[in-house]
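Undergrad: Per this note's numbering, residue 48 is the first one in the sequence shown, and the count goes up by one each step. The C-beta atom is built at its ideal place from N, Cα and C for all residues, glycine as well. These numbers come from a predicted model, not from an experiment. Pasting in a structure now, in structure tokens, and then I'll have a few things to ask.
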Amino acid sequence: MSSTQIALLGAIAGITIFIGLPVGRIRKLKVSVSTLLNAASAGVLLFLLIETFVHGFEPVEEALLDVTTKTSGTWGEFAVRTVLFFGAFALGLMGLVGYDRQMARRRKSSLGPGAAAVQEFGTLRKFHALSDTKRLSVLIAVGIGVHNLAEGLAIGQIAASDQLSLAVLLVVGFALHNATEGFGIVAPLAGETDRPSWGFLFVLGVIAGLPTFLGTIIGQSFVNENLELLFLGLAAGSILYVVVTLVGVAIKHGHKEMLYVGLFAGVTLGALTELVLVAGGL
48 MSSTQIALLG AIAGITIFIG LPVGRIRKLK VSVSTLLNAA SAGVLLFLLI ETFVHGFEPV
108 EEALLDVTTK TSGTWGEFAV RTVLFFGAFA LGLMGLVGYD RQMARRRKSS LGPGAAAVQE
168 FGTLRKFHAL SDTKRLSVLI AVGIGVHNLA EGLAIGQIAA SDQLSLAVLL VVGFALHNAT
228 EGFGIVAPLA GETDRPSWGF LFVLGVIAGL PTFLGTIIGQ SFVNENLELL FLGLAAGSIL
288 YVVVTLVGVA IKHGHKEMLY VGLFAGVTLG ALTELVLVAG GL
């Protein structure tokens, strides 16, 4: 496959993130429906967290098996992979905890109410002034974007090895995943009186979807398992933070039964899209 064709595959896989974003502009939702949407978003991301952690932990397990059952591995390689994955996992989790706390502190100390309405992304200072729900959506987009970078690496590496059918199947599966993840990004915004602008939704889509394209470009020319391990660890940590935050928001809304229905629906939706990849033997 040519570089242009491979890049096109990455673009197709990433652009479907925009499908679910218009949900964020829905107004006047009942509290129970808002709880359901937040919980469903958490469910989709919970499945993505499990999938990401398992894929990232597999190379660590393989390195240990190479040492204990074969003669090809070394304890040094096992240690490197373990530290790399769990270090990235901790960085992804605690990095967002610290960053979100810093944004909230700056927002309270240096900016008055309504400042974000002037220009949502004009400067970093304006970014700190985004509402809590918008900042949460940005954090979700960042976490998904890091995960999608790892997905893009896989697409690029497989396509570059001329496994066309496998690459196309990957693109279909990841495109379906991204379509559901787009909904997860904007679920906190649904029902808000201050609807997000189309420009804001576009930026969220770029943050989450563009890394798939970039990962595909990188993956076709640069193969490094430790690099993929690093991104999977970062993604798992950041997604865990977002899942906990979304569940917290749903709990505050009340309607406990809707929380669990939403979690079930989200996990099920994520699992169904994963079956597309499993059907292809991936």
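Should leucine 279 and alanine 87 be called a contact, given that it needs their Cβ atoms to be closer than 9 Å?
TA: Not a contact, by the Cβ cut-off of 9 Å.
Undergrad: Starting from leucine 74 and walking both ways along the alpha helix (DSSP H), at which residues does that stretch end?
TA: Checking the sequence, you will find arginine at residue 74 rather than leucine. Unbroken run through arginine 74: none, as it is neither H nor E.
Undergrad: By alpha-carbon positions, which one of Leu281, Gly262, Ser119, Lys117 ends up nearest to serine 50?
TA: Out of Leu281, Gly262, Ser119, Lys117, Gly262 has the C-alpha closest to the C-alpha of serine 50.
Undergrad: Taking contact to mean at least 3 C-beta pairs separated by less than 8 Å, is the stretch 87 to 102 in contact with the stretch 60 to 77?
TA: Contact fails: fewer than three Cβ-Cβ distances are below 8 Å.
Undergrad: Pick helix, strand or coil for histidine 302, following the three-state DSSP scheme.
TA: Coil, per DSSP.
Undergrad: Would you report the Cα separation of leucine 277 and isoleucine 53, rounded to the nearest angstrom?
TA: Going from the Cα of leucine 277 to the Cα of isoleucine 53 covers about 23 Å.
Undergrad: Over the uninterrupted alpha helix (DSSP H) stretch that includes isoleucine 265, give me the two end residues.
TA: Element bounds for isoleucine 265: 245 to 266.
Undergrad: What does the alpha-carbon distance come out to for the pair alanine 188 and leucine 248?
TA: The straight-line gap from Cα to Cα measures roughly 10 Å.
Undergrad: Mind checking which residues open and close the alpha helix (DSSP H) that includes leucine 177?
TA: Taken as a continuous stretch (DSSP letters only), leucine 177 belongs to no alpha helix (DSSP H), as it is neither H nor E.
Undergrad: Less than 9 Å separating the beta-carbons of alanine 237 and serine 119?
TA: No, Cβ-Cβ distance for alanine 237 and serine 119 is not below 9 Å.
Undergrad: Counting C-beta neighbours from all protein chains within 10 Å, is the total for valine 165 16 or more, i.e. buried, or is it exposed?
TA: Caution applies to valine 165, whose pLDDT of 45 falls short of 50 and renders its modelled position unreliable; the value that the coordinates give is listed next. That one is exposed.
Undergrad: Rounded to the nearest angstrom, what separates valine 289 and isoleucine 62 at their Cα positions?
TA: The alpha-carbon atoms of valine 289 and isoleucine 62 are separated by roughly 22 Å.
Undergrad: For threonine 141, does the count of other Cβ atoms within 10 angstroms reach 16, so buried, or fall short, so exposed?
TA: Here residue 141 is methionine; the residue named in the question, threonine, does not match the sequence. That one is exposed.
Undergrad: Assign phenylalanine 311 to buried or exposed, taking buried as 16 or more other Cβ atoms, counted over all protein chains shown, within 10 Å of its Cβ.
TA: Classification of phenylalanine 311: exposed, given that the 10 Å Cβ count is below 16.
Undergrad: Buried or exposed, going by whether 16 or more other CB atoms sit within 10 Å of the CB of glutamate 228?
TA: Glutamate 228 is buried by the Cβ-count criterion.
Undergrad: Just the Cα atoms here: how many angstroms apart are threonine 115 and glycine 231?
TA: Each residue's Cα considered, the two are about 41 Å apart.
Undergrad: Per the contact definition of three or more C-beta pairs closer than 8 Å, is the stretch 244 to 260 in contact with the stretch 182 to 200?
TA: Counting Cβ pairs under 8 Å, three or more are found: they touch.
Undergrad: Out of Val107, Glu108, Leu56, Thr292, state which residue places its alpha-carbon closest to the alpha-carbon of alanine 234.
TA: Closest option to alanine 234, Cα to Cα, is Thr292.
Undergrad: Taking just the CA atoms, how far does asparagine 85 sit from leucine 322?
TA: Whole-angstrom Cα-Cα distance: 24 Å.
Undergrad: Comparing C-alpha positions only, which one of Val308, Gln267, Thr315 sits nearest to leucine 56?
TA: The candidate whose alpha carbon is nearest that of leucine 56 is Gln267.
Undergrad: Have a look at glycine 67 and leucine 251 and give me their C-alpha separation to the nearest angstrom.
TA: When rounded, the distance between both Cα atoms is 11 Å.
Undergrad: My guess is that methionine 305 and leucine 83 are in contact by the Cβ rule of under 8 Å, so how many angstroms apart are they, rounded?
TA: Confirmed, Cβ separation roughly 5 Å.
Undergrad: Report the residue from Ile298, Val215, Leu316 whose alpha carbon sits nearest the alpha carbon of isoleucine 59.
TA: Comparing Cα positions, the closest option is Val215.
Undergrad: Compute the Euclidean distance between the alpha carbons of alanine 206 and phenylalanine 125, then round it to the nearest angstrom.
TA: Distance between the alpha carbons of alanine 206 and phenylalanine 125: 28 Å.
Undergrad: Which residue marks the beginning of the alpha helix (DSSP H) containing isoleucine 53, and which one marks its end?
TA: Per DSSP, isoleucine 53 belongs to the alpha helix (DSSP H) from 50 to 62.
Undergrad: Apply the 10 Å Cβ neighbour rule to arginine 182 and answer buried if 16 or more other Cβ atoms are within range, or exposed otherwise.
TA: That one is buried.
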